[in-house]
Structure formats: structure tokens, C-alpha cells
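Residue numbers are given in UniProt numbering: position 60 of the sequence shown equals residue 60, and the series is strictly consecutive.
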Amino acid sequence: LKIHINMHTKEKQYVCKVCHKSFTQKGNLNMHYRIHTGEKPYKCDICNKAFRQSSHMQSHKLSHLKEQLFFS
């Protein structure tokens, strides 16, 4: 409940130790740290391009699908 309340009050209690950007949710901070570490744990199984977020990989994979539809 506290996390939900923080979202509405815009209280950003999670702060990046590297660049001091702040976040309302710990998960968003953890995802942000990947910018600093260079970690890209999500790989496209078609071309092996790597991404920091799974949603970015999913969007990328759609480009392969559109390509296949266009050329078929």
C-alpha cells in the first residue's frame, strides 16, 4: 500500500547512487542501474541484439515480424 501511495504523492525515495536520479519504485531504480552497468540481459532470438528492458526487446522483435510480412 505504501508503494501505491508513493506513486500518487510523487515521493521518490529510491535514489541512484551514480547520478542521483530518483524513482518512486525500487524496480525502476534497479532497471535504471543497467544504464550505468551496461547490462543488457534480454536478447533477440532472431538477430541476438541485446536490450536493457524486455519491453524494448519485444518492440524490436515486431520489426522482424513486419519485415517478414513485407517480404513474403
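For each residue, glycine too, the CB sits at the ideal point set by N, CA and C.
Here THR24 is buried: its Cβ has 16 or more other Cβ atoms, across all protein chains shown, within 10 Å. When rounded, the separation of the alpha-carbon atoms in TYR14 and HIS36 is 16 Å. In this chain, the alpha helix (DSSP H) harbouring THR37 covers 26-37. Distance from the CA atom of ARG34 to the CA atom of LYS40, rounded to whole angstroms, is 7 Å. Following the DSSP letters along the chain, one finds GLU67 inside the alpha helix (DSSP H) bounded by residues 54-71.
A distance below 6 Å between beta-carbons, with the five flanking residues on each side excluded, links SER22 to the following residues of its chain, in chain order: LYS12 and VAL15.
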